[in-house]
Amino acid sequence: MSKNILVVAGDGIGPEIVAEAIKVIDVLQAEGAIDVTLQHALVGGAAYDAFGDPLPEATLNAAKAADAVLLGAVGGPKWEPLPIAKRPEKGLLGLRAGLGLFANLRPAILYPQLADASTLKPEIVAGLDLMIVRELTGDIYFGQPRGIETLPSGERRGINTMVYTESEVERICRVAFEIAMKRDKRVCSVDKANVLECTELWREVAIKTAADYPDITLMHMYVDNAAMQLVRAPKQFDVMVTGNIFGDILSDCASMLTGSIGMLPSASLNASGQGMYEPIHGSAPDIAGRGIANPLATILSVAMMLRHSLNAPDAAARIEAAVVRVLDQGLRTADILSAGMRQVGTVEMGDAVVAALNAGVN
Ligand code: NAD
């Protein structure tokens, strides 16, 4: 049965990079490797311009009805003067909340061809293949009480509350264990159990949940050490699972290991496996409209979509192989350009991936 994909291209370079991802979907569809129907909707600044709302109800409803959502990026200086509730980013957060996307998957893969692009020494990062699983709807970002209050003395006090229930921890650990079962079966749970009771509970639940996955090797690491280990010896990790705030910081740290923000896809999943797939970068207003944005993170987001929401792992692997092939050919967008490589624009890079996919078939 045909699966529904809602495409929300967004702002800035969003429409440019999403157009290349759609070419890849079209090739697989034409071959019969996947059976999908694409719908389009507005989100972010584009939606505000059209409807005065960064997340129109029609977009949210279409997202809820879809099997998966493919997002470009939102935001830009044009909309910065707007009140927070009307800003493009509110549309993105509304989609995440509205779909209940509690599991954020951020792979950090360093293609050997791009080892020179990392700020770390090639021998530290070459071959890096790490998956960070971050809890996305709980923790200190949502815990109550929160706010800024004025004490009787007149001094102000800021408050946020770190909170996790056992079921929230269990479900994100299960996501991490399931993913690790298809990889090297090693999971590192990151916490601060030595000082924070909330994460002491996190560790207990992780251990208890792991009992259902006897093939998984579970280890635990305090978040401060994990940050250090990520830049010291990142290849020691297979899958990392952690809470919202630790995951926010560690996943940005891990993305830098790979050198280019233009290469990294992400997935955010809910309890029924429905997901939203997007590159980790933003709308890059500084290069929007110039045809130089790297579309590979968005194309690789399609691969994640096929694997995690559309049950088409073979097609996903073919997209990833096509990206490797294009890198092997020496084609580079400006953000990943190095000496001796051939610089290409957004469209040419998309066309090269399509050609590599077609070459793989023949
Ligand atoms: P950004 O990720 O858009 O850009 C950071 C730098 O990386 C820029 O120099 C940009 O040119 C470059 N870059 C990003 N993606 C690229 C690509 N595919 N190819 C080549 N170069 C690329 O971050 P920013 O500049 O801090 O934010 C710009 C806007 O994007 C803001 O409005 C911000 O709120 C928004 N934003 C949106 C998302 C999202 O939609 N998920 C995420 C982050 C930022």
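Under the numbering used here, think of the first position of the sequence shown as 15, with each following residue one higher. Glycine residues also receive a C-beta, built at the ideal position from the N, C-alpha and C atoms.
Relative to LYS249, the option among ALA225, ASP238 and CYS202 whose CA is nearest is CYS202. Shown here for LYS104: same chain residues with a beta carbon closer than 8 Å to its own, the five before and five after excluded, namely PRO68, LEU69 and ILE98 in chain order. LYS222 has no beta-bridge partner at all, per DSSP.
As for any alpha helix (DSSP H) of minimum length 4 sitting wholly inside the region 135–194, the runs are 136–139, ordered along the chain.
The way I'd put it, the region 69–84 doesn't touch the region 350–367; fewer than three beta-carbon pairs between them come closer than 8 Å. For TYR125, the CB contacts under 7 Å within the same chain, skipping 5 residues up- and downstream, are VAL338 and LEU341 in chain order. DSSP places MET270 inside the alpha helix (DSSP H), whose first and last residues are 258–271. The beta carbon of LEU106 sits closer than 8 Å to at least one heavy atom of the ligand NAD. With fewer than 16 other Cβ atoms from the protein chains shown falling within 10 Å of its own Cβ, GLY46 counts as exposed. Under the three-state reduction of DSSP, LEU106 is assigned to helix.
The Cβ neighbour count for ASP81, taken over all protein chains shown within 10 Å, is at least 16; the residue is labelled buried.
For SER269, same chain residues with a beta-carbon under 8 Å away, outside a window of 5 residues either side, are ARG120, ALA122, ILE275, LEU278 and ILE294 in chain order. Around the CB of SER181, fewer than 16 other CB atoms lie within 10 Å, so the residue is classed as exposed.
Put simply, the region 253–270 touches the region 153–164. At least three CB pairs are less than 8 Å apart. In terms of Cβ geometry, PRO159 and THR175 form a close pair [threshold 9 Å].
Rounded to whole angstroms, the gap between the alpha carbons of THR51 and VAL83 is 12 Å.
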